[in-house]
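Engineer: I have a structure I would like to understand better, so I am pasting it below and will then ask my questions one at a time.
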Amino acid sequence: MFYLVCMDCGRTCDDMTVANCPHDGGVLDLRYESAEIPLQPQLPGIWRYAARLPLTDAKHIVSLGEGDTPLLPSSQLGPGISLSRLYFKNEGLNPTGSYKDRIASVGISYLRQLGRRAWAATSSGNAGASLAAYGARAAVDGYLFTLERAPRAKIAQILSYGPQVMSVKRLGYDPAAEKATWANIAALCDANDWLMLITARSNSPHAMEGAKTIAYEICGQLHDEAPDVVYVPVGGGGLLSAIWKGFKEWRAAGYIDRLPRMVAVQPLGCDPITQAWEADRPIEPLDDCQSALSGIILTSPPDGDLVLQDLRESDGWALSILDEAAYQAQSELASREGLFVEPAAAVVWAAIKADRQSGRLRGDENIVGILTGIGFKDSAALQRMTDDKPLPTIEAKEILDIQPR
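Here the sequence shown is numbered in this note's numbering, starting from 25 and rising by one per residue.
Written out as structure tokens, the structure is:
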């Protein structure tokens with residue numbers, strides 16, 4: 025069984041359907057009566073951990089095969105900078121191409137358990153695609169409010185699943201627009217008995233439990249060993265916070281005996297969490313966003329303060345990466361590792377390189393980079409990555425003239 029506890033005032037919340045503490049508006053944390061995590065191998069993907077997910081009956085599960093993504097040892101990039109134990113967790117192999125499928129599966133399953141008939145959310149693309157796909161699977165309506173500058177390829181994927189989609193002016197770049205959007209979606213859901221599924225622990229504590237299964241899987245794939253350092257792309261902050269929670273739960277269950285350091289990676293042009301970390305102060309919303317890395321650009325991260333807390337607790341850190349460094353990292357991951365990821369995911373490799381060069385990382389440390397989404401998600405970035413690649417047209421007889429490189 026599970027229950028909700030306010031992370032600010034410590035009170036238990038009797039109403040399991042609310043998003044925030046009714047006493048002080050604080051963030052609610054989903055907790056469980058037992059620290060044990062019994063596995064249920066008869067259930068698919070993330071649902072083998074159903075005992076630590078907010079569902080009371082397996083009949084409500086909505087699954088498309090999410091989870092069980094590979095943890096791949098680096099074949100060239102790690103050895104190239106003398107990192108002998110670098111791994112990449114390839115979340116782009118989830119059903120719609122990103123880690124958000126874990127969250128959507130839990131969120132839409134929880135919606136069915138509550139008997140709600142529709143969901144509403146914001147998204148830069150990945151969360152929208154996940155919620156739309158799982159909503160279609162469950163035959164429930166969806167209402168999505170996207171960032172004004174969301175990549176067209178991501179929007180096209182969302183539209184194919186059939187939800188109602190609207191672009192909100194200045195969303196993602198203006199703190200006032202973000203605050204108003206979230207408040208109005210909450211009011212819309214309350215008025216219509218829908219479920220708000222914004223992918224942040226501060227807004228959707230139930231659905232966000234799905235993301236912590238990444239940590240469970242990593243430890244299992246490392247044969248019940250925790251990594252030394254985990255790099256996570258960070259926009260709103262919910263993913264890092266959920267993964268950190270997962271590692272803590274896995275240790276409490278007795279599967280591992282230590283915890284990793286967590287690293288938050290942001291784009292330099294939109295990095296309120298890194299700025300707060302470096303200045304040792306609370307999050308301050310930015311006036312504008314100067315990055316094009318869709319998926320990790322929010323001027324006012326809803327889980328930003330949670331991330332700062334998690335970084336301190338894990339003895340981790342935050343750093344920011346130039347957009348151009350992310351594009352270069354995207355190209356290197358594709359050409360040297362065979363991993364085709366979107367730029368927002370590639371920031372982890374750019375950050376690992378930077379930290380290795382600065383001496384922050386030892387060569388023998390066990391390091392995991394979370395690759396959050398597949399490269400097909402951003403067609404403009406793909407075009408940029410391949411614009412300078414030659415594509416000559418030759419006669420069939422010229423094939424025999426090809427010389428080995």
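Cβ coordinates follow ideal geometry from the N, Cα and C atoms, glycine included. Values in this document were obtained by computation on a predicted structure and should not be read as measured data.
Determine which residues share a DSSP beta bridge with Leu171 and list them.
Structural biologist: Val192
Engineer: In or out: His47 buried (at least 16 other Cβ within 10 Å) or exposed?
Structural biologist: exposed
Engineer: Just the Cα atoms here: how many angstroms apart are Ile418 and Trp268?
Structural biologist: 53 Å
Engineer: Start and end of the beta strand (DSSP E) containing Ala109?
Structural biologist: According to the sequence as given, residue 109 is Arg; it is not Ala. Segment Arg109 to Asn114, the beta strand (DSSP E) holding Arg109.
Engineer: Just the Cα atoms here: how many angstroms apart are Arg161 and Cys313?
Structural biologist: 35 Å
Engineer: Pairing CB atoms from the segment 79-91 with CB atoms from the segment 130-137, are three or more of them under 8 Å?
Structural biologist: yes
Engineer: Output the distance between the C-alpha atoms of Gly116 and Thr396, rounded to the nearest integer angstrom.
Structural biologist: 6 Å
Engineer: Do Asp252 and Ile280 come within 8 Å of each other at the CB atom, strictly closer than that value?
Structural biologist: no
Engineer: Please report the distance separating the alpha-carbon of Ala300 from that of Thr223.
Structural biologist: 22 Å
Engineer: Residues bridged to Cys37 by DSSP?
Structural biologist: Looking at the DSSP assignment, Cys37 forms a beta bridge with Leu28.
Engineer: Could you check where the beta strand (DSSP E) with Ala296 kicks off and where it finishes?
Structural biologist: First, the residue type needs correcting, since residue 296 is Pro and not Ala in the sequence shown. Here Pro296 belongs to no beta strand (DSSP E); instead the alpha helix (DSSP H) covers Pro296 to Ala303.
Engineer: Less than 8 Å between the C-beta atoms of Thr205 and Ser154, yes or no?
Structural biologist: no
Engineer: Quick one: using the 10 Å Cβ neighbour count with 16 as the cut-off for buried, is Thr36 buried or exposed?
Structural biologist: exposed
Engineer: Less than 8 Å between the CB atoms is what I'm expecting for Thr146 and Asn114, so what's the real figure, rounded?
Structural biologist: A Cβ-Cβ distance of about 26 Å is found for the pair Thr146 and Asn114, leaving them out of contact under the 8 Å criterion.
Engineer: Have a look at Ile85, Glu366 and Glu389 and flag the residue whose alpha-carbon is nearest the alpha-carbon of Gln66.
Structural biologist: Ile85
Engineer: Taking the C-alpha atoms as reference points, what is the distance between Pro68 and Leu88?
Structural biologist: 9 Å
Engineer: Would you tell me roughly how many angstroms separate the C-alpha atoms of Pro62 and Met409, rounded to the nearest one?
Structural biologist: Going by the C-alpha atoms only, they are around 44 Å apart.
Engineer: If the criterion is Cβ atoms closer than 8 Å, does the pair Ile105 and Glu90 meet it?
Structural biologist: no
Engineer: Considering just the uninterrupted stretch of the alpha helix (DSSP H) at Ser355, what are its terminal residues?
Structural biologist: Asp347 to Glu361
Engineer: Would you mind sorting Ala430 into buried or exposed? The rule is 16 or more other CB atoms within 10 Å of its CB.
Structural biologist: Past the boundaries of the shown model lies residue 430; the chain is included only from 25 to 429, so the question cannot be answered.
Engineer: Kindly list the residues whose CB is nearer than 8 Å to the CB of Arg285, restricted to its own chain and excluding five residues on each side of it in sequence; keep chain order.
Structural biologist: Asp252, Val253, Val254, Ser338, Asp339, Gly340 and Trp341
Engineer: Report back the beta-carbon spacing between Met437 and Ala144 to the nearest angstrom; my notes put them in contact at under 8 Å.
Structural biologist: The structure shown does not extend to residue 437, since the chain is modelled only from 25 through 429, so no value can be given for it.
Engineer: For Pro229, which option in Tyr73, Arg384 and Asp327 has the closest C-alpha, if you only look at C-alpha atoms?
Structural biologist: When the alpha-carbon of Pro229 is set against those of Tyr73, Arg384 and Asp327, the nearest one is in Asp327.
Engineer: Rounding to the nearest angstrom, what Cα-Cα distance links Asp198 and Leu322 in this structure?
Structural biologist: 8 Å
Engineer: If you check the beta carbons only, do Phe271 and Ala239 fall under 8 Å apart?
Structural biologist: yes
Engineer: Taking just the CA atoms, how far does Cys33 sit from Gln407?
Structural biologist: 49 Å
Engineer: In the DSSP assignment, what residue or residues form a beta bridge with Ala144?
Structural biologist: Answer is Tyr167 and Met220, bridged to Ala144.
Engineer: With a 10 Å radius around its C-beta and 16 neighbouring C-beta atoms as the bar for buried, classify Pro187 as buried or exposed.
Structural biologist: buried
Engineer: Are the Cβ atoms of Val371 and Gly399 separated by less than 8 Å?
Structural biologist: no
Engineer: So, with DSSP's three-state summary, where would you put Asn208?
Structural biologist: helix
Engineer: In whole angstroms, what separates the C-alpha of Thr55 from that of Asp38?
Structural biologist: The sequence as given places Arg at residue 55; Thr does not occur at that position. Between the alpha carbons of Arg55 and Asp38 lies a distance of about 13 Å.
Engineer: In chain order, what residues of the same chain lie with their CB nearer than 8 Å to the CB of Leu195, ignoring the 5 residues before and after it?
Structural biologist: These residues qualify, in order along the chain: Thr146, Phe169, Thr170, Leu171, Glu172, Ala201, Glu202 and Thr205.
Engineer: Going by C-alpha distance, which of Thr298, Val192, Ala157 and Ala207 is nearest Leu183?
Structural biologist: Between Leu183 and the set Thr298, Val192, Ala157 and Ala207, the nearest pair of CA atoms involves Ala157.
Engineer: Would you check if the distance between the CB atom of Ala177 and the CB atom of Pro257 is smaller than 8 Å?
Structural biologist: no
Engineer: If distances are taken between C-alpha atoms only, which option among Ala174, Gln181 and Ala180 comes closest to Lys193?
Structural biologist: Ala174
Engineer: Do Val51 and Arg305 come within 8 Å of each other at the CB atom, strictly closer than that value?
Structural biologist: no
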